[in-house]
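Visitor: Protein chains in written order, with the numbering used here: chain A, 142 to 603; chain B, 42 to 538. Here a beta-carbon is modelled for each residue, glycine too, at the ideal position from N, C-alpha and C. None of these values were measured; they are calculated from a predicted model.
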Amino acid sequence: MAFIPHTRADVEEMLAVIGVGSLDALFEEIPAPLRAAELTGVPEALTEMQVGRLMRERAACDGTPLCFIGAGAYEHHVPAAVWAITTRGEFYTAYTPYQAEASQGTLQLLYEFQTMLATLTGMEVSNASLYDGASATGEACLMAVRANRKSTSRRILVPTTLHPRYREVGHSIAGQQGLVFEVVPYDPARGTIAVDALDRAAAGGDVTALVVQQPNFFGGFEDVDALTDWAHAHDALLIAVVNPISLGMLRSPGEWGQRGADIVVGEGQPLGVPLSSGGPYFGFMTTRKEFVRHMPGRIVGRTLDSAGQEGYTLTLQAREQHIRRAKATSNICTNQGLLVTAATIYLSLMGAEGLERTAAAAHARTRQLRAALLGIPGVRGAFDGPFFHETVLRLDRPVAPVLAALAAQGILGGYDLARDYPALAPAMLVCATETKTDADIERYAAALERILAPAPPSTANS
Amino acid sequence: MAMREPTIFECGAPGRGASDQWPTPSPDALADIPPQLRRKRRPALPEASELDVVRHYTRLSQRNFCIDTHFYPLGSCTMKYNPKACNQYAMLPEFLGRHPLAPAASSQGLLRCLHELQEILKSVTGMGAVSLVPMAGAQGEFAGVSMIRAYHRSRGDLGRDEIVVPEAAHGTNPATATMCGFRVREIPVNADGDVDLAALRAAVGPRTAGIMLTNPSTLGVFERHIVEIEQIVHGAGGLLYYDGANLNAILGKVRPGDMGFDVIHMNLHKTFSTPHGGGGPGAGAVGVSDRLAPFLPIPIVGEDRGSFRWLDETDLPQSIGRLSTFMGNVGVLLRAYVYVRMLGRDGMRAVADHATLNANYLCARLAALGYDPAYPSRRASHEFLITLKRQSRMYDVSAMDVAKRLLDLGFHAPTTYFPLMVPECLLIEPTETESRATLDAFAAAMARILAEMQNDRDQLKSAPHAMPVRRLDDVRAAKQLDLTWPGAPAGPVSASP
Numbered sequence: 142m143a144f145i146p147h148t149r150a151d152v153e154e155m156l157a158v159i160g161v162g163s164l165d166a167l168f169e170e171i172p173a174p175l176r177a178a179e180l181t182g183v184p185e186a187l188t189e190m191q192v193g194r195l196m197r198e199r200a201a202c203d204g205t206p207l208c209f210i211g212a213g214a215y216e217h218h219v220p221a222a223v224w225a226i227t228t229r230g231e232f233y234t235a236y237t238p239y240q241a242e243a244s245q246g247t248l249q250l251l252y253e254f255q256t257m258l259a260t261l262t263g264m265e266v267s268n269a270s271l272y273d274g275a276s277a278t279g280e281a282c283l284m285a286v287r288a289n290r291k292s293t294s295r296r297i298l299v300p301t302t303l304h305p306r307y308r309e310v311g312h313s314i315a316g317q318q319g320l321v322f323e324v325v326p327y328d329p330a331r332g333t334i335a336v337d338a339l340d341r342a343a344a345g346g347d348v349t350a351l352v353v354q355q356p357n358f359f360g361g362f363e364d365v366d367a368l369t370d371w372a373h374a375h376d377a378l379l380i381a382v383v384n385p386i387s388l389g390m391l392r393s394p395g396e397w398g399q400r401g402a403d404i405v406v407g408e409g410q411p412l413g414v415p416l417s418s419g420g421p422y423f424g425f426m427t428t429r430k431e432f433v434r435h436m437p438g439r440i441v442g443r444t445l446d447s448a449g450q451e452g453y454t455l456t457l458q459a460r461e462q463h464i465r466r467a468k469a470t471s472n473i474c475t476n477q478g479l480l481v482t483a484a485t486i487y488l489s490l491m492g493a494e495g496l497e498r499t500a501a502a503a504h505a506r507t508r509q510l511r512a513a514l515l516g517i518p519g520v521r522g523a524f525d526g527p528f529f530h531e532t533v534l535r536l537d538r539p540v541a542p543v544l545a546a547l548a549a550q551g552i553l554g555g556y557d558l559a560r561d562y563p564a565l566a567p568a569m570l571v572c573a574t575e576t577k578t579d580a581d582i583e584r585y586a587a588a589l590e591r592i593l594a595p596a597p598p599s600t601a602n603s
Numbered sequence: 042m043a044m045r046e047p048t049i050f051e052c053g054a055p056g057r058g059a060s061d062q063w064p065t066p067s068p069d070a071l072a073d074i075p076p077q078l079r080r081k082r083r084p085a086l087p088e089a090s091e092l093d094v095v096r097h098y099t100r101l102s103q104r105n106f107c108i109d110t111h112f113y114p115l116g117s118c119t120m121k122y123n124p125k126a127c128n129q130y131a132m133l134p135e136f137l138g139r140h141p142l143a144p145a146a147s148s149q150g151l152l153r154c155l156h157e158l159q160e161i162l163k164s165v166t167g168m169g170a171v172s173l174v175p176m177a178g179a180q181g182e183f184a185g186v187s188m189i190r191a192y193h194r195s196r197g198d199l200g201r202d203e204i205v206v207p208e209a210a211h212g213t214n215p216a217t218a219t220m221c222g223f224r225v226r227e228i229p230v231n232a233d234g235d236v237d238l239a240a241l242r243a244a245v246g247p248r249t250a251g252i253m254l255t256n257p258s259t260l261g262v263f264e265r266h267i268v269e270i271e272q273i274v275h276g277a278g279g280l281l282y283y284d285g286a287n288l289n290a291i292l293g294k295v296r297p298g299d300m301g302f303d304v305i306h307m308n309l310h311k312t313f314s315t316p317h318g319g320g321g322p323g324a325g326a327v328g329v330s331d332r333l334a335p336f337l338p339i340p341i342v343g344e345d346r347g348s349f350r351w352l353d354e355t356d357l358p359q360s361i362g363r364l365s366t367f368m369g370n371v372g373v374l375l376r377a378y379v380y381v382r383m384l385g386r387d388g389m390r391a392v393a394d395h396a397t398l399n400a401n402y403l404c405a406r407l408a409a410l411g412y413d414p415a416y417p418s419r420r421a422s423h424e425f426l427i428t429l430k431r432q433s434r435m436y437d438v439s440a441m442d443v444a445k446r447l448l449d450l451g452f453h454a455p456t457t458y459f460p461l462m463v464p465e466c467l468l469i470e471p472t473e474t475e476s477r478a479t480l481d482a483f484a485a486a487m488a489r490i491l492a493e494m495q496n497d498r499d500q501l502k503s504a505p506h507a508m509p510v511r512r513l514d515d516v517r518a519a520k521q522l523d524l525t526w527p528g529a530p531a532g533p534v535s536a537s538p
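(1) Excluding sequence positions up to five away, which residues of its chain have a Cβ less than 8 Å from the Cβ of A:I592?
(2) For B:K520, decide whether its Cβ has a neighbour in chain A, counting only Cβ atoms nearer than 7 Å.
(3) Using beta-carbon positions only, say whether A:E280 and A:P437 come within less than 7 Å of one another.
(4) Please decide whether A:T428 counts as near chain B, where near means a Cβ-Cβ distance under 7 Å.
(5) Suppose only complete runs of 3+ residues qualify. What are the beta strand (DSSP E) ranges in the stretch 462–549 of chain A, listed by chain order?
(6) If you run the structure through DSSP and keep just helix, strand and coil, what is A:I226?
(7) Would you please verify whether the beta carbon of A:N384 is less than 7 Å from any beta carbon of chain B?
(8) Would you identify the three-state DSSP class for B:R224, choosing helix, strand or coil?
(9) Taking A:S606 as the query, report the chain B residues whose CB atoms sit under 8 Å from its CB, ordered along the chain.
(10) In terms of residue numbering, what span does the beta strand (DSSP E) encompassing A:M426 cover?
(11) I need the boundaries of the alpha helix (DSSP H) containing A:D581, first residue and last residue.
(12) For A:E169, count neighbouring C-beta atoms within 10 Å of its own C-beta (all shown protein chains included) and say buried if the count is 16 or more, exposed if not.
(13) Excluding the five sequence neighbours on either side, which residues of its own chain have a C-beta within less than 6 Å of the C-beta of A:F254, listed in chain order?
(14) Cβ of B:A59 less than 7 Å from any chain A Cβ?
(15) How about A:T227 and A:A235: do their beta carbons lie closer than 7 Å?
(16) Let's see if you can read the secondary structure: which residues bound the beta strand (DSSP E) around B:W351?
(17) Taking a cut of 7 Å between CB atoms, which residues from the stretch 475–491 of chain B lie near chain A?
(18) Residues of chain A with CB closer than 7 Å to the CB of B:V95, please, in chain order.
(19) Which chain A residues are close to B:G150, counting only those with a beta carbon under 8 Å from its beta carbon?
(20) With DSSP as the reference, label A:A389 as helix, strand or coil.
(21) Could you tell me if B:L199 is buried or exposed, where buried requires 16 or more neighbouring beta carbons within 10 angstroms of its beta carbon?
(22) Whose Cβ in chain A lies nearer than 9 Å to the Cβ of B:R190?
(23) DSSP puts A:C208 in a beta bridge; with which residues?
(24) Here's the rule I'm using: 16 or more other beta-carbon atoms within 10 Å means buried, otherwise exposed. How should B:D331 be labelled?
(25) With distance defined between alpha-carbon atoms, name the residue in B:E157, B:L280 and B:A179 nearest to B:V205.
(26) Since B:Y282 is in the beta strand (DSSP E), which residue starts that stretch and which ends it?
(27) Measure from the alpha carbon of B:A277 to the alpha carbon of each residue in B:Y98, B:I252 and B:D73, then state which is nearest.
(28) Threshold first: 4 residues or longer. Then list the alpha helix (DSSP H) segments lying entirely within the stretch 412–458 of chain B, N to C.
(29) For a minimum of 3 consecutive residues, which ranges assigned as the beta strand (DSSP E) are wholly contained in the stretch 128–200 of chain B?
(30) What residue does the beta strand (DSSP E) around B:D345 start on, and which one ends it?
(31) Would you tell me roughly how many angstroms separate the C-alpha atoms of B:A519 and A:Y327, rounded to the nearest one?
(32) Which class does B:C52 belong to by DSSP, given the choice of helix, strand or coil?
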């Protein structure tokens with residue numbers, strides 16, 4: 142099935158108009174020795190019916206386990222209206238809105254999205270999205286180098302309480318432009334940034350930016366006011382990495398410290414995007430108006446048409462690769478338009494109150510989960526202090542076999558921290574959202590209790 | 042002309058909301074969150090009912106052109122039909138509900154699909170190994186150029202700090218080279234659209250890390266000297282990067298690996314028909330020759346006796362690393378997988394055959410009407426360039442005027458003003474899924490526009506007339522920045538915690 146509409150007569154007549162005798166003749170400029178043989182590595186075509194059956198079988202293989210993993214991707218309720226509209230062909234099969242007059246739907250939606258993200262994060266301007274939370278953080282580091290005229294060091298302070306994958310991706314994306322990522326350890330009692338370590342890092346020379354994730358990777362709260370003021374006192378920019386659902390109830394980065402954060406980024410997935418095995422998601426980025434020309438990615442502006450009516454168009458394109466080429470702010474060409482469509486509809490349905498209630502309901506379930514699991518011998522909390530909708534638990538034995546045993550019962554019990562935080566091991570990060578019920582949590586707790594229980598005497602089984 | 046659609050902030054009313062969708066947490070659900078961390082003012086988000094929201098965004102959707110409603114001959118973007126099956130089967134509940142950190146043991150169905158996609162893409166491109174990680178074409182380019190850099194460094198060859206790029210290249214090519222820390226050397230293209238070999242010879246040397254090339258090029262012609270280019274660049278110790286934007290033209294006909302390329306990225310949202318979604322998501326899988334395989338971005342899917350798992354830094358210690366939080370745009374990859382399975386081996390060739398047929402046919406039709414192909418002596422690939430230089434001089438019209446008038450006549454405009462080196466150009470890519478009747482209708486619209494150049498210039502210069510808005514003032518948009526809705530009310534004081 143190649144979805145080609147041509148009849149045999151069409152092909153003959155079209156070849157005649159072109160003035161060639163065969164389809165093969167259209168490829169005569171390709172040097173003959175280079176022509177490909179049959180693609181033996183590509184299977185024969187399937188019909189839609191066959192591929193449908195194949196995909197359903199593959200999907201069924203993976204099942205629908207009960208999920209208590211968060212770690213950067215969160216299972217929230219998604220109203221049916223979100224994807225019913227998002228998958229309309231008019232949004233789904235449109236291109237980047239270069240022809241503004243024929244793309245007012247997408248452009249107005251992106252403008253509304255920018256407005257929503259700006260108010261949510263407490264910043265003045267937003268772009269129309271980046272690839273995902275990790276790559277947005279990498280782009281924010283590059284942007285900080287451009288925007289912070291007071292710093293020449295290209296040193297970015299990256300606490301270990303930032304999502305480990307964000308740190309790795311930041312390094313992959315920005316490392317080749319001479320950025321130096323300096324790791325700041327966490328305080329082992331609280332699971333938050335060790336502020337004295339910041340001072341030690343600053344002693345090594347000027348700092349371009351400090352990255353602060355709130356809530357941090359462990360679900361804990363950083364002292365964002367002090368950290369923001371610390372950054373500004375050291376002429377560094379403050380890059381905030383936030384969970385947008387948490388901003389339904391947490392103070393926005395624009396209100397952190399005396400002057401607020403400078404660049405705000407995060408993973409947009411919690412806003413109406415299913416877990417989807419990891420993507421596509423979208424990253425968001427907001428900032429101060431004074432930095433807007435340093436911002437990467439598409440930006441939509443409202444303007445007037447030739448008749449004086451308002452309309453929307455891509456703007457500040459002079460920053461971008463198709464105009465500036467080697468001098469562009471980034472090589473980014475796409476945004477994640479479809480996911481932004483979903484997020485904009487999601488935020489419209491939720492509004493401020495729905496978002497706050499979602500944050501509260503998700504958090505309440507995590508508190509309930511934590512309480513249930515802490516009641517099991519062999520489980521204890523890792524850190525003191527408050528948390529939001531995700532928390533670290535320590536076990537009395539290696540986590541991996543425990544998680545495997547839970548998975549065998551259809552429960553994804555959490556994220557094993559052994560690889561990223563060996564000093565914390567055996568520990569895991571667990572999360573519940575508003576999608577979980579009392580019965581789900583009881584099921585998890587009962588399964589974990591059985592797995593951690595001392596083995597009964599062997600005679601009991603015989 | 043359509044009425045203004047109010048912003049979502051003007052729909053609804055204070056106190057209204059889609060409250061049936063909201064959870065009802067207990068009043069003390071946030072009691073343990075320290076008050077000084079709590080929001081004092083709520084964000085100024087819409088206050089609208091579900092029906093308000095559904096109507097607003099449905100109406101907005103109706104202000105878009107899209108493939109499902111319009112011919113979209115946007116050069117270099119391959120706006121082919123996106124089969125509905127791809128969406129349906131990528132959005133099965135198990136795939137949508139799967140957490141990205143779910144263990145491999147409960148992900149075998151997904152991993153098998155992705156592994157097969159890797160294998161199919163290897164076969165189609167003639168490369169030794171594939172990583173599906175990059176989330177867009179530009180990120181695929183970034184991965185590819187990063188691998189070139191890592192390869193030279195791994196050999197202690199540290200002096201190679203330049204990337205050669207033809208002047209006709211996509212803007213992402215030089216931007217990517219810069220992001221990867223390279224200096225860009227642009228080389229000219231000759232009058233027939235091929236790379237200027239003398240300039241290439243002069244440009245390469247011990248500082249050459251590689252060349253980035255699109256073939257067929259962005260001029261809509263096959264680079265005939267590819268064998269010589271390969272010898273020149275490899276002879277100088279550089280590597281060859283293939284920009285896969287135009288892969289649709291050569292599917293099953295000639296493989297980048299056989300042309301001597303060391304690394305390529307593919308735009309799965311072009312060649313393999315995943316939807317563009319209003320500007321994304323894309324997917325920019327990369328393929329490499331065996332010598333670059335150790336540097337592929339992670340994770341990739343490995344197979345061991347019928348069982349699948351992620352390969353990460355422990356398997357690929359020289360990898361350029363991770364580019365996304367989890368595993369790229371999996372949902373896009375699944376759509377591409379469904380598409381390539383439906384296409385099959387023979388479908389690949391049929392795509393290239395008919396994409397090329399459509400481009401050459403439309404080019405011939407437009408030339409017969411009096412439009413000027415930019416490279417008249419050349420066979421078009423899957424796309425072709427028209428230059429309006431002559432019409433621009435004779436009638437004082439621009440490529441932009443033609444583009445805007447096409448919208449009125451029911452066609453999305455071709456790509457305008459790219460490549461930058463060809464004056465007043467339109468880059469036209471019909472794709473294989475368009476019928477001859479559609480191409481004929483487009484040609485008829487172009488004939489009408491040619492007549493308007495002579496008889497009704499005002500109609501053309503002031504187009505569009507039939508869109509929701511008239512021609513927009515881009516200069517004003519950039520000078521008087523208005524990036525957020527000013528009427529959004531300040532958020533109300535938050536309910537006390």
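Guide: On the basis of the data shown:
(1) So the qualifying residues of the chain are V543, A546 and L547.
(2) Not one chain A Cβ lies under 7 Å of B:K520.
(3) Here A:E280 is near A:P437, since their CB atoms are less than 7 Å apart.
(4) Chain B, which has no Cβ nearer than 7 Å to the Cβ of A:T428, makes this no.
(5) Within the stretch 462–549 of chain A, the complete beta strand (DSSP E) runs of at least 3 residues fall at 520–522 and 532–536.
(6) The answer is helix: DSSP assigns A:I226 an H, G or I state.
(7) Output row for A:N384: interface = no.
(8) In the displayed model, B:R224 falls within a strand according to three-state DSSP.
(9) Residue 606 of chain A cannot be examined here, being either before or after the span of chain A that is shown, 142 to 603.
(10) A:M426: member of the beta strand (DSSP E) spanning G424 to T428, first to last residue.
(11) Where A:D581 is concerned, the enclosing alpha helix (DSSP H) stretches over D579 to L593.
(12) Using a 10 angstroms sphere on the CB of A:E169, the tally of other CB atoms stays under 16, which defines it as exposed.
(13) Same-chain partners within the cutoff: V481 and T485.
(14) Among the residues facing chain A, B:A59 is included, as its CB has a counterpart in that chain under 7 Å away.
(15) Taking 7 Å as the Cβ cut-off, A:T227 and A:A235 do not qualify as a contacting pair.
(16) First-last of the beta strand (DSSP E) with B:W351: S348 to L352.
(17) Result list: S476 and R477.
(18) Those are A222 and I226, listed as they occur along chain A.
(19) For a Cβ distance threshold of 8 Å, residue set E198, R199, A200, A201, C202 and D203 of chain A lies close to B:G150, ordered along the chain.
(20) Rather than Ala, the amino acid found at residue 389 of chain A in this sequence is Gly. In the three-state reduction of the DSSP assignment, A:G389 falls in the helix class.
(21) So B:L199 counts as exposed.
(22) Taking a Cβ-Cβ cut-off of 9 Å, the neighbours of B:R190 in chain A comprise Q317, given in sequence order.
(23) Within the DSSP bridge table, the entry for A:C208 names A:L553 as partners.
(24) In this structure B:D331 is exposed. Its beta-carbon is surrounded by fewer than 16 other beta-carbon atoms within 10 angstroms.
(25) For the residues B:E157, B:L280 and B:A179, the minimum Cα distance to B:V205 belongs to B:L280.
(26) DSSP places B:Y282 inside the beta strand (DSSP E), whose first and last residues are L280 to G285.
(27) Of the candidates B:Y98, B:I252 and B:D73, the one whose C-alpha sits nearest the C-alpha of B:A277 is B:I252.
(28) Listed in chain order, the complete alpha helix (DSSP H) runs (minimum 4 residues) inside the stretch 412–458 of chain B are 430–436 and 440–449.
(29) Counting whole runs of 3 or more residues, the stretch 128–200 of chain B contains the beta strand (DSSP E) stretches 170–172.
(30) Following the DSSP letters along the chain, one finds B:D345 inside the beta strand (DSSP E) bounded by residues I341 to D345.
(31) Taking the CA atoms as reference points, B:A519 sits about 43 Å from A:Y327.
(32) In the structure shown, B:C52 falls within a coil segment according to DSSP collapsed to helix, strand and coil.
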